[in-house]
Amino acid sequence: MTDPNVTKCLFPVAGLGTRFLPVTKEIAKEMLPLVDRPIISYGVEEAIESGCRDLIMITGRTKRSIEDYFDSSFELESVLRERGRTDLYEKIHAISEMANILYVRQREPLGLGHAVLCGEPFCRDGYFGVILPDDVFVSDTAVMAQLIEVHRRLGGTVVALEEVPRSEVSRYGIVQSELAGGNVHRILDMVEKPSPEEAPGNLAIMGRYVLSPAIFPLLAERHVGTGGEIQLTDAMKRLPRTEPVWGLVYRGRRFDCGTQKGWLAANVRLALEDPELSSVVFDIVDGFRREIRPCPKRDDRI
Ligand code: G1P
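So for the sequence shown, this note's numbering puts the first residue at 1188; every next one is plus one.
Quick look at the structure:
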């Protein structure tokens, strides 16, 4: 019997962040700030909160700043201590003690499926989590913990699902499924980034997975799919032949921090959750309202 606990979590972080250029020319997109910490920190905190102890980051050449962020910063820490800034010292020191993090290089940008395959040597002994850090969730219970709960109860692979408008299906992996009970669907098929006409529904896979190690031989076939990349969805769609694949319509709100719109929305939403910052946000918005006169409606223009 396999261990029902999911203690490992994989983070594909080798992507180039082209949707965020030019800022991502020199800065890893995962290091862009969300209020007071980098985007990647939210995913790491979610994994830890969900019981994962060993985190595996699949990185690339330009992502060294992620390693540095989670490493101890001896000079900064000793300066903070010398200056008596114990509060800040403890905050900074705690980052390097958050989790055991291992780094593996994805040497070629061959897609999400290939990134997951790079983690095989560390994840082949049991079910493991995958967090796509661009997808940031605000929820009462960590979304990864919600998926792990379904895995413990029903076994098998579990993916996070959300309904999206038909017009947006081509941005996601879309599943064909039947309701199994509550918010859990049994997945029968899935397709990566279909057109609205070919989509088997409008339930989209969001960036959280509990994956079976049986995924690795399927990924190792290196089937090239949508966008000329090795797609995780293409390998997962073959799993239901050997084991159940569940989809959970999670409780929570998702922000796509891989886009400027989603990143901006996440910053505002997270700031509103902070008792001090929320009044700052409202003051700024009120100030702008007074300062900026609304644009005349199109019909009123000369
Ligand atoms: C990836 C997956 C896709 C999923 C999406 C969620 O796509 O391939 O199936 O729906 O993440 O964010 P990407 O956004 O990396 O193109």
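Built from N, CA and C at the ideal position, the CB exists for glycine as well.
Note that the structure is predicted; figures quoted are calculated from it, not measured.
- By alpha-carbon distance to residue 1236, the top candidate from 1246, 1326, 1372 is 1326.
- Put simply, the backbone Cα of residue 1434 is about 8 Å away from that of residue 1344.
- Beta-bridge partners assigned by DSSP to residue 1324: 1441.
- Annotation for residue 1207: no alpha helix (DSSP H) segment contains it, and DSSP assigns it neither H nor E.
- Relative to ligand 1, the beta carbon of residue 1293 is positioned no closer than 7 Å to any heavy atom.
- When only Cα atoms are considered, residue 1216 and residue 1203 end up about 8 Å apart.
- When beta bridges are read from the DSSP output, residue 1220 appears opposite 1225.
- Secondary-structure assignment with DSSP links residue 1246 through a beta bridge to 1292.
- Contact between the stretch 1352 to 1366 and the stretch 1318 to 1332 is absent: fewer than 3 CB-CB pairs across the two stretches fall below 8 Å.
- DSSP, read as helix, strand or coil, puts residue 1473 in helix.
- Within the same chain, Cβ atoms closer than 6 Å to the Cβ of residue 1396 are found at 1317, 1346, the five residues on either side in sequence being excluded.
- Relative to ligand 1, residue 1379 has its C-beta within less than 7 Å of a heavy atom.
- For residue 1420, the distance from the CB to the nearest heavy atom of ligand 1 is below 7 Å.
- Per DSSP, reduced to three states, the secondary structure at residue 1297 is coil, with no helix or strand assignment.
- Between ligand 1 and the CB of residue 1297, the shortest heavy atom gap is not smaller than 7 Å.
- Within the same chain, Cβ atoms closer than 7 Å to the Cβ of residue 1225 are found at 1217, 1218, 1219, 1256, the five residues on either side in sequence being excluded.
- For residue 1316, the shortest separation between its Cβ and any heavy atom of ligand 1 does not lie below 7 Å.
- Going by DSSP, residue 1376 is part of no alpha helix (DSSP H) but of the beta strand (DSSP E) stretching over 1371 to 1379.
- Using a Cβ distance threshold of 8 Å, residue 1402 and residue 1375 do not count as a contacting pair.
- Each of 1464, 1232, 1241, 1467 was checked against the Cα of residue 1310, and the nearest Cα belongs to 1241.
- Contiguous alpha helix (DSSP H) elements confined to the stretch 1407 to 1462 occur at 1419 to 1423, 1447 to 1460, taking only those with 4 or more residues.
- With 16 or more other CB atoms across the displayed protein chains lying within 10 angstroms of its CB, residue 1372 is buried.
- By the criterion of at least three beta-carbon pairs nearer than 8 Å, the stretch 1408 to 1417 is in contact with the stretch 1292 to 1299.
- Distance from the CA atom of residue 1419 to the CA atom of residue 1315, rounded to whole angstroms, is 14 Å.
- The continuous beta strand (DSSP E) containing residue 1196 extends over residues 1195 to 1199.
- Contact between the stretch 1334 to 1341 and the stretch 1378 to 1391 is absent: fewer than 3 CB-CB pairs across the two stretches fall below 8 Å.
- The Cβ-Cβ distance between residue 1406 and residue 1417 falls below 8 Å.
- Boundaries of the alpha helix (DSSP H) around residue 1281: 1273 to 1283.
- For residue 1322, the distance from the CB to the nearest heavy atom of ligand 1 is below 7 Å.
- With respect to the 8 Å criterion, residue 1331 and residue 1288 are not classified as neighbours on the basis of their beta carbons.
- Note on geometry: alpha-carbon atoms of residue 1443 and residue 1424 lie some 24 Å from one another.
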